[in-house]
Structure formats: structure tokens, C-alpha cells
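Remarks on the structure that follows.
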Amino acid sequence: MNYAESDVDDLEFAELVRDGERRLEAEAQERQDKYRRRRRWRIFMNAIVYASYVFVEIGRRGLRFIERNVPRYIAFVDRCLVHTIRISVHPYKRVDVLRLLLMLCVLFTIPYIVYTTYRFQTTPNGQIIEQLREEDIHPYIMVERSPSYEEPPLNNLRSDGDGLREDDTDTSCQNTIQGVQFLTDSEGYICTRSQQDRHRRGCCNSSSTIPPRPKRFSCERCDTNPPHCCDNFEHCVSCCMHPLNMSIRRDFLTHADPSHPVYSNPSAMTVFEFCKFRCRTSSASVQHQNSYRSHRTYCYGIHKPLRVLASINSDRFEEPPPSTVVEGHKDVIVPDDHASAATEPKTITVDGDRCTLQYIDQGERPSHPDAVTIAFIHGAPGSYKDFRHMLPRLPDHVRVVAITLPGNDACPIEDPAQLMHYSTPEPVALVAFEALQKICGDDPNVFLLGHSFGGHTAINVATLNEQRKALNLRGLALLASAGYWAHKAVFPRVNRFAVSLLQSPVPFVSEAVPLIVKELYTRTLGFPSSPPISHFTSGFVRVALSNYSLIEEQAKQLGHLPAFMAWAQDDPLMEEEIFLTMSSRLSFGGPRFAFAAGGHNVQKTHAAFLARELVKWTHSVVSGDAATISTQVKKIPS
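So the sequence shown is residues 1 to 638, counted in full-length UniProt numbering.
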């Protein structure tokens with residue numbers, strides 16, 4: 001056998017194999033390049049078609065805008081010019097050059113601002129102001145599917161709720177079953193197995209006095225900040241069913257996968273079934289594979305966690321000490337034998353049925369002389385939802401009344417004159433006082449709590465009560481309250497000028513200013529853009545027309561009332577000097593807390609701490625120990 005020829009044949013065969021592989025690779029590369037070229041061309045054509053649709057829509061809206069507004073603007077300019085000419089020729093009224101230039105600047109500035117506002121609302125970059133698109137919001141919610149451009153199933157949801165069926169609990173209840181000691185029923189109660197109702201199968205006996213008492217919509221072992229996680233399954237289901245979490249359920253279902261076997265048809269399942277499935281399957285607490293971000297491993301929210309820990313599963317060892325209570329603290333924040341209960345929002349008419357307010361009323365009705373009622377008043381703008389982080393943390397034996405003032409959120413006012421009237425601080429205080437008189441006028445111990453400019457309204461209401469004695473008012477609580485002078489985020493002269501423009505007889509001006517006000521609140525101050533325009537207009541007027549000197553005089557008259565105060569030293573809107581001045585002049589006994597961090601909304605960032613201290617303070621006032629509480633400011637580190 002010739003081994004030399006065999007080696008040559010092997011080399012030739014190997015070379016032929018390599019040539020064949022190279023040809024196959026070249027052909028595969030050529031096919032891939034051809035596919036990429038076709039795909040790029042298809043994408044390019046789709047982009048051209050989409051761009052044509054965009055330009056056509058922009059042109060249509062532009063023509064509509066011009067058709068609607070230009071004639072009014074021309075008429076307005078014509079009237080201004082005629083008026084200017086009349087003044088200039090009058091022998092006693094001459095227009096100097098400076099006034100003429102100022103007027104021309106105003107005439108050109110207002111249309112430019114309106115045009116810019118309209119452009120931001122209609123272009124893709126500005127579209128996020130009004131409504132987030134599916135592909136934009138998807139990275140920020142925990143929906144396990146790839147992004148798509150299909151329309152979300154909005155038609156399955158009611159405009160005033162989450163679209164889920166109500167649970168039928170007349171004769172029996174569903175419950176979570178698997179808990180060794182505790183279970184949650186379809187009414188939202190959490191109880192032990194021995195506390196089940198004998199007459200209604202599967203339901204907790206809400207009247208049971210055996211400790212621990214059954215608790216409804218219990219969030220005491222949950223974090224009410226995103227991603228809304230709890231340290232056990234039963235509390236997760238109970239907290240998820242809380243009426244104040246309806247918006248969370250609705251937002252999740254709005255952007256859920258239309259083909260999902262459970263979430264695709266919300267009307268086919270109840271609130272309990274949704275919460276049970278959500279708490280069991282949510283991955284919001286997962287850090288990596290089978291490692292968790294914290295000890296709270298059951299979540300019902302839609303947002304990804306805001307805090308990423310330095311090490312996996314390390315949150316259990318980083319809990320703050322009891323002296324530094326922050327949002328998300330795992331200690332029990334209310335007594336074990338109590339829970340937070342809430343009801344659906346109610347409405348009440350005041351001022352001779354000319355004005356409607358919305359409010360929520362939760363907790364037990366006063367049945368003994370020591371019972372406590374706390375009335376919450378929001379800022380400008382705002383609603384009772386501003387206190388949604390505190391309300392679930394207050395015990396059942398405390399009655400809570402939180403109102404939404406006229407013109408705000410779900411209480412819009414369409415008539416401009418009526419909106420202006422019910423946005424002025426004095427009428428606001430009158431309607432709030434009348435509403436509280438109707439709701440809790442017979443309660444033995446009423447406390448007013450105001451946040452931001454709600455502090456001004458609370459002081460106004462307390463002063464009215466000094467004259468009329470319609471409420472059994474025992475104390476005043478102010479959270480990051482506006483003070484005795486305009487803070488750094490308020491410009492009184494500019495604001496009053498803008499309010500005068502709101503009352504302009506020229507339709508173009510009076511319609512443009514509310515749009516500018518909304519842009520100011522949403523873009524500059526970071527308010528959500530979903531409420532109606534009257535929400536922002538009402539808050540703006542309330543701020544602009546605040547009488548700071550009157551507030552200072554009224555505060556002196558209320559010097560005998562116990563006062564609870566809390567604020568954050570890093571408040572971006574108000575300087576701490578305002579809070580310290582108010583603290584020193586409200587001289588009667590009451591705690592003062594200055595948080596190192598927490599921003600303007602301390603009722604959210606320090607909800608657990610404030611709920612606990614507020615309940616403790618109200619009980620001390622009722623028992624007659626308020627005068628012994630020091631007014632020295634206690635600094636709470638971050």
C-alpha cells in the first residue's frame with residue numbers, strides 16, 4: 001500500500017470539504033444579506049406610510065386649529081387696535097412708546113404659548129402628557145409579554161371602576177384556603193381558621209372578639225409604595241382588595257395581555273379572584289431567578305421596585321431601627337386587634353345644593369365620649385386620594401373623613417364663574433365647614449388635618465368653628481402646611497395677574513390660561529395630568545388668592561388648640577423657616593416632627609410613622625394630657 005498517495009488523497013478530500021463548507025457559508029451569508037435588505041426595505045416603506053399618516057393628521061389638526069381660533073384672534077387684535085387708536089387720539093390719554101411695546105409683546109406672546117402647548121399635546125413626544133402609549137408604558141409595568149402595538153382592552157373596563165365583578169357573599173364566601181393559621185375571605189377580612197362564620201360558609205366572623213380580631217382590607221404587613229408587596233399571601237390579598245387600590249387594579253387590567261387566559265376578560269372574575277391570582281403569580285418581588293428583592297415576596301402592584309438593594313435577599317437585614325420609621329417598615333404600625341376599613345366615595349351637597357363635594361368615611365362611628373374623628377383636607381390642587389397611603393394604616397376605632405373640595409379631581413366644575421367662586425379660599429372654607437358639620441357635627445372629638453394649602457383651609461375652618469361652634473373641635477394637625485408668607489414656589493403678583501386673565505371677557509385669553517396652568521403643574525411641578533383642567537385651575541386660584549396675613553391672625557386666635565406639625569427639611573416647594581415660624585406661634589402643646597428627607601408629600605413618604613404618632617397624639621388630647629407634650633422640634637433622620 002502506498003501511504004504517500006493515501007496522505008495526498010486525505011489532504012485533497014479535506015480541502016474539498018473545506019471548500020464545500022465555505023460555499024455553504026457564503027450562500028447562507030448571501031441569503032441572510034438578501035433577507036436583511038428586504039427587511040430594511042419593508043421597514044423603510046412602513047415608515048414612509050406611517051410618516052404620511054402623521055403628516056396628514058398634523059395637517060388636518062392644524063387646519064382645524066386655524067379654523068377654530070384664528071378668526072377670534074383677529075377679532076381680538078382688531079378690538080385692541082381700535083381701542084389703542086381711540087386712547088392715542090384722546091386729548092387726555094396718550095399712549096407712550098413703552099406701553100405700546102408692552103401691549104404688542106403680550107399680543108404676540110400669548111398666541112405663541114398657546115401654539116407651543118397645542119404642539120406638545122399633538123406631537124408624539126408630547127403625547128405622553130395626556131395618555132401613555134402601550135409601547136411606552138410597558139417597560140414600567142410587570143406584564144409578562146413582549147411589547148405589541150395592539151390596542152389595550154379598554155372596552156372591557158368600566159369608566160368608574162376596575163371592571164371586576166362584585167363578590168357575592170350573602171350566603172357564603174370564597175377564601176384563600178391554603179393558610180395554616182390565617183385565611184382571607186372574599187369580603188376582604190383576614191382571620192384565623194377558628195374565627196370563620198358558622199352561618200356563612202367560608203366567611204370570617206367580623207364580630208368575633210377573640211384576639212386577634214378579624215381585620216378588613218389589612219395593609220399593616222404590606223408596603224403601600226410600589227411595587228406594593230407584602231410579607232405573607234393572606235395580607236397581600238386583603239390589601240389588594242382595598243377600595244383605595246381600585247386604580248392599581250384598573251391600571252394593570254388596562255395594559256394586560258388581551259390573550260391572557262385570566263386577565264383577558266375582567267368581567268368574568270371577581271375582585272377576590274383577581275387579587276388571589278395576582279398575589280400568587282406576580283414577579284415584582286423577584287431579583288434574579290429564585291432570589292427575592294426583600295422579605296416581602298407577595299405583590300399586587302404594577303410597578304417595578306424603585307429600590308435595588310446592594311445584595312440579593314439583603315433587605316431582611318437592612319430593616320431600620322424603630323426610632324427611624326420609614327415607608328415600608330415591617331413592624332406592626334397599628335394595634336393587632338384593629339384594622340383599616342374603607343368605603344366607596346360618597347357625595348354631599350352644600351351651599352343650598354349649589355355645590356357638590358366627594359368624600360370617604362371609614363372606621364367606626366363614635367359610640368363613646370372618647371371616640372376620635374379625623375377630618376383630612378387636601379392641598380391645592382388635590383383630592384382625598386392624596387392620603388391613600390395613610391388611611392389604610394389608621395385603626396378601625398378612629399373615624400376618618402377625607403373630602404375632595406369643589407373643582408378638584410372627581411368634583412369638576414364646568415361653569416367658569418362658579419369655578420372661580422368655589423376656588424377662592426373663603427368660599428372653599430365655608431363649603432368644607434358646612435360639609436364637615438353635616439358629616440361629623442355630632443362626633444365628640446374632631447381633629448382637622450391639612451396638607452400643604454389644606455393647612456390654610458383647616459385654619460379657616462377652625463376659625464369659623466370658633467364663631468359658630470358647630471364642631472367639637474379638639475385639635476389641628478398640619479403636614480407640610482403653607483404658612484404666613486408666600487413660599488419659594490409661589491409668585492403672588494404673577495399669580496394674581498394670571499387669575500385676572502382667567503376672568504378676561506375675551507374667550508381666547510380665558511380659554512388659553514387654564515391650559516397654561518395645567519402645563520405648569522404637570523411639567524414643572526410634576527403633578528399627574530389625568531385630572532380635568534378644572535382640577536388645576538381650582539388649585540391655582542386657591543393658591544393665588546391666599547391671604548397670608550389673615551392666616552397669621554387666625555392662627556393667633558387658635559393658640560389654645562393643640563397642634564400637631566410635621567414636615568421634611570428637603571421640601572422642594574417650601575422653606576423650613578415657614579414651618580419653624582408656624583411651630584413657634586402655635587404655642588399650645590403638640591408634637592413637632594422634622595424629617596431629614598421625604599419631600600413635600602410627607603403623608604406618603606412617612607405614612608406609617610405619621611399614622612402611628614397621629615393616633616397617639618389624638619388619644620393624649622382626649623385624655624387631657626396634650627398640655628404636657630413638648631413643642632420642641634424632634635428631628636427624624638432619613
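For glycine and all other residues, C-beta sits at the position ideal for the given N, C-alpha and C.
Under the DSSP assignment, Q362 falls outside any alpha helix (DSSP H), being part of the beta strand (DSSP E) whose first and last residues are 355 to 362. Here the C-alpha atom of P507 lies approximately 19 Å from the C-alpha atom of T116. In the three-state scheme derived from DSSP, where H, G and I count as helix and E and B as strand, C105 is classed as helix.
Out of Q554, S208, H235, P492, the CA that lies nearest to the CA of V541 is found in P492. Contact annotation: G363 and D396 have beta-carbon atoms nearer than 8 Å. When DSSP states are grouped into helix, strand and coil, H619 belongs to the helix group. Assigned with DSSP and collapsed to three states, D571 falls in coil, not helix or strand.
Here F491 is not bridged, per DSSP, to any residue. Residue pairing by DSSP puts F376 in a beta bridge opposite A402, L449. Its Cα nearest to that of H255, the residue D162 stands out among D162, C105, C222. Looking from the CA of C191, the closest CA among S291, Y548, T373, P214 belongs to P214. One Cα belongs to P71, the other to D168, and the distance between them is close to 58 Å. Around the Cβ of Y50, a 10 Å sphere holds fewer than 16 other Cβ atoms; the residue is exposed. Here the alpha carbon of H600 sits roughly 8 Å from the alpha carbon of D570. Inter-segment contact for the region 275 to 286 and the region 191 to 205 is absent: fewer than three beta-carbon pairs are separated by less than 8 Å. P562 counts as buried, since no fewer than 16 other beta carbons sit within 10 angstroms of its beta carbon. Assignment of N175 by DSSP, reduced to helix, strand and coil, places it in the strand class. Counting of Cβ neighbours within 10 angstroms places N465 among the buried residues, the total reaching 16 or more.
Taking T171 as the centre and dropping the five residues before and after it, the same chain places the C-beta of R200 closer than 7 Å to its C-beta, in chain order.
Taking K604 as the centre and dropping the five residues before and after it, the same chain places the C-beta of H389 closer than 7 Å to its C-beta, in chain order. A Cβ-Cβ distance of about 13 Å is found for the pair G202 and Q178, leaving them out of contact under the 8 Å criterion. Close CB contacts of D251 within its chain, under the 6 Å cut and outside five residues either way in sequence, are with I302 (chain order). Counting the other CB atoms within 10 Å of its CB gives I551 a total of 16 or more, which places it among the buried residues. According to the DSSP secondary-structure assignment, I348 is paired through a beta bridge with L357. In summary, M45 is exposed, with fewer than 16 beta-carbon neighbours lying within 10 Å of its beta-carbon over all protein chains present. Annotation: the continuous beta strand (DSSP E) that includes V633 extends over 633 to 636. Between S423 and S538, the gap from beta carbon to beta carbon is short of 8 Å. When the five nearest sequence neighbours on each side are left out, the beta carbons in the same chain lying within less than 7 Å of the beta carbon of V499 are those of V541, A544, L545, in order along the chain. Assignment of L525 by DSSP, reduced to helix, strand and coil, places it in the coil class. A straight-line Cα-Cα distance of about 6 Å links T347 and Y359. The alpha carbon of D353 has as its nearest neighbour, out of T281, P406, G379, the alpha carbon of P406. Residue range 548 to 557 is occupied by the alpha helix (DSSP H) that includes Y548. The C-beta of A417 has fewer than 16 other C-beta atoms within 10 Å across all chains shown, which makes the residue exposed. Here DSSP, grouped into helix, strand and coil, assigns L183 to strand. Note on geometry: alpha-carbon atoms of G188 and L436 lie some 29 Å from one another.
The C-alpha of I48 is placed about 10 Å away from the C-alpha of F55.
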